[in-house]
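The block underneath contains the structure these notes are about, expressed in structure tokens.
In the numbering used here, the protein residues as written are 1478 to 1799.
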């Protein structure tokens, strides 16, 4: 990419998309294109086709998706599979038809089997059953990967993908009904602190292990991959049956109990953390093997406590903290 390349960021208002906009803008890219949901409904094929035909973006960062935590996935499984499949079908096909030079699809580490060997390698995809609590979302993301792979094989496109681990940071979703674990913990501990509660309740047993990547590190990794030269991309990401995606994470994890204690420390909550074992734990462990990413030349920069401190500062400025 060069500084004047026309770059479309799909999903620019979300946690991931807004981080991509921040990174690209900071790096001096001047020709960024994005539309709000009100301006462009990505589930409508004709509208997406018209947008691509009119704008002719050279590069696409595909961060648009319906996302949520365990509660949201359990409550709205049809929405999670339908909306994500519709968006993916429309954008990937339109990107091909309109000659996009390179597309980066944002997936999720939930694509891997529930009982996947740890750490999870790219070649573990489709080797076992998925975690039931987010299966519809995971299936949609797997379909997105396979679409990119199939278009590359049939049409010679450069549609690559990243599978980020759990992301957090500025512009996160702090709604307790739909948020992921880390922003939910930030809000719970903050509210317990300001209301002088003696305890804060955490879903599950606290024993599952999770990996977390600060969202601005994720954006830096994505821009790095989009700037790889054609030779490296063709060798590492377009040589079927080698996976067209790479894991994007830290290669480090911790228990939910340890995460909760760290969030309590950062937010200043000094009460007791109570684990509600009647609530689902989800996958026992999800740690990405980032060997392939490191070999390409990229590693994360933000340590977890620093990232949580930044995320808490962003929460305090958000409507959720009001």
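C-beta: ideal position from N, C-alpha, C; glycine also. Computed from a predicted model, the values in this text were never measured in an experiment.
Only counting runs of 3 or more residues, tell me where the beta strand (DSSP E) segments fall wholly within the stretch 1654-1707, in order along the chain.
Every beta strand (DSSP E) of 3 residues or more that sits fully in the stretch 1654-1707 is shown, in chain order, as 1676-1680, 1689-1691.
What are the complete beta strand (DSSP E) segments, minimum 3 residues, inside the stretch 1528-1553?
Fully enclosed beta strand (DSSP E) runs of 3 or longer: 1536-1539.
Where does residue 1756 fall in DSSP's three states?
For the purposes of this step, residue 1756 is identified with residue 279 of the chain shown, where counting begins at 1. DSSP places residue 1756 in coil when its eight states are reduced to three.
Neighbourhood of residue 1696 by C-beta, 7 Å cutoff - its chain only, sequence neighbours within 5 removed
For the purposes of this step, residue 1696 is taken as residue 219 along the chain shown, with counting starting at 1. If we look at residue 1696 and ignore the five residues flanking it on each side, its Cβ neighbours are 1496, 1497, 1499, 1500.
Quick one: complete beta strand (DSSP E) runs, 3+ long, within the stretch 1538-1623?
Within the stretch 1538-1623, the runs of beta strand (DSSP E) at least 3 residues long that lie entirely inside it are, in chain order, 1579-1583.
Here's the rule I'm using: 16 or more other beta-carbon atoms within 10 Å means buried, otherwise exposed. How should residue 1706 be labelled?
Residue 1706 sits at position 229 when you count from the first residue of the chain shown. Label assigned to residue 1706: exposed.
Start and end of the alpha helix (DSSP H) containing residue 1717?
Counting from 1 along the chain shown, the entry for residue 1717 is found at position 240. From DSSP, residue 1717 is part of no alpha helix (DSSP H); its letter is neither H nor E.
One or two residues paired with residue 1640 in a DSSP bridge
As a working note, residue 1640 is residue 163 in the chain shown. Beta bridge pairing from DSSP links residue 1640 with 1724.
Who are the near neighbours of residue 1715 in its chain, counting only those whose CB is closer than 8 Å to its CB and skipping five residues on each side?
Counting from 1 along the chain shown, the entry for residue 1715 is found at position 238. Exclusion of the five residues before and after residue 1715 leaves 1629, 1635, 1637, 1721 as the residues of its chain whose Cβ lies within less than 8 Å of its Cβ.
Can a CB atom of chain D be found closer than 7 Å to the CB of residue 1524?
The displayed structure is made up of one protein chain only, and chain D is not part of it.
DSSP on residue 1778, reduced to helix/strand/coil?
The sequence position of residue 1778 within the chain shown is 301, counting from 1. The three-state secondary structure of residue 1778, taken from DSSP, is coil.
Go through its chain and collect everything with a Cβ distance to residue 1541's Cβ below 6 Å, but skip five positions before and after it.
If you number the chain shown from 1, residue 1541 lands on position 64. The residues are 1487, 1488, 1519, 1564.
Report buried or exposed for residue 1523, applying the criterion of at least 16 other Cβ atoms within 10 angstroms of its Cβ.
Counting from 1 along the chain shown, the entry for residue 1523 is found at position 46. The residue is exposed, with fewer than 16 neighbouring Cβ atoms inside 10 Å.
Please report how far the alpha carbon of residue 1736 lies from the alpha carbon of residue 1517, in whole angstroms.
Position 259 of the chain shown, counting from 1, holds the residue named residue 1736. Position 40 of the chain shown, counting from 1, holds the residue named residue 1517. About 38 Å.
Can you grab the Cα-Cα spacing for the pair residue 1646 / residue 1677, in whole Å?
Numbered from 1 along the chain shown, position 169 holds the residue referred to as residue 1646. Numbered from 1 along the chain shown, position 200 holds the residue referred to as residue 1677. Put simply, the backbone Cα of residue 1646 is about 21 Å away from that of residue 1677.
For residue 1487, report the span of its beta strand (DSSP E) as first-last.
Taking the first residue of the chain shown as position 1, residue 1487 is located at position 10. Start and end: 1484-1487.
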